[in-house]
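Chemist: Counting from 310, one number per residue, gives the positions in the sequence shown under the numbering used here. We put the beta carbon where it would ideally sit given N, CA and C, even for glycine.
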Amino acid sequence: MHSDLSILELTQRFAAELSQRSRHQLDRLEADNARLQDELNGERSHTSQLQAQLSALQERLIRQEHELAEERQARLGAEREVAVIHAAIAQQLEMAEREHAAQEALEAERERQHQQHIETLRLQLIQERLRDRKSTRLNSSHTVISYAVFCLKKK
Numbered sequence: 310m311h312s313d314l315s316i317l318e319l320t321q322r323f324a325a326e327l328s329q330r331s332r333h334q335l336d337r338l339e340a341d342n343a344r345l346q347d348e349l350n351g352e353r354s355h356t357s358q359l360q361a362q363l364s365a366l367q368e369r370l371i372r373q374e375h376e377l378a379e380e381r382q383a384r385l386g387a388e389r390e391v392a393v394i395h396a397a398i399a400q401q402l403e404m405a406e407r408e409h410a411a412q413e414a415l416e417a418e419r420e421r422q423h424q425q426h427i428e429t430l431r432l433q434l435i436q437e438r439l440r441d442r443k444s445t446r447l448n449s450s451h452t453v454i455s456y457a458v459f460c461l462k463k464k
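1) At a Cβ threshold of 8 Å, is residue 340 touching chain D?
2) CA-CA distance, residue 371 and residue 378?
3) Return the CA-CA distance between residue 348 and residue 369, expressed in angstroms with no decimal places.
4) Curious, which full-length beta strand (DSSP E) runs of at least 3 residues does the region 371 to 421 contain?
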C-alpha cells in the first residue's frame, strides 16, 4: 500500500502542481487579457478622438472652400465692374478728346476770322488815311477847289 500511497501522493502532488501552474498561467493570461483590453479601449478612444479631429478638419476645409468660392465670385464681380468702369471712362475720355478737338478747331476758326477782321479793319484804316490825306492835300493846297467842293456838297 505504501507504493499505492506514494503513487496516489505523487499523483496528488502532480495534480496540485499542475493545478497551481495552470492557475498561475491562467492568472497571467487574465492579466494580459485585461492589459490588452485596456490598450484596446485606449486605442478606441484615440481612434474616436482622431475621427472627431478629422471631422472638424473636414468641416473647416468645406467652410474654407466655400469662403474661397465666395471670394472668387466677389473678385470676378469686381473685375467685371472695373471693366465696365474702365470702358465708361475710356468712352468719356474719347468724347472729351473729340469735344476738345472741336473746341480747338472752333477757336482756330474764330482766331482766323478775328485775324481776317483785323486785317480788313487795318486795310480800311489805311484806305481811310489815304483818302483823308488826298482830301487834306487837295483842300489845303487848292482853296478854290475846296470852296467848289464845299459848294457842291451843299447842293
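Modeler: Checking against the coordinates, here is how it stands:
1) The chain inventory of the structure shown lacks chain D, comprising one protein chain alone.
2) One-based indexing of the sequence shown puts residue 371 at position 62. One-based indexing of the sequence shown puts residue 378 at position 69. C-alpha separation (whole angstroms): 10 Å.
3) Start at 1 with the first residue of the sequence shown, and residue 348 comes out as number 39. Start at 1 with the first residue of the sequence shown, and residue 369 comes out as number 60. Each residue's Cα considered, the two are about 31 Å apart.
4) none
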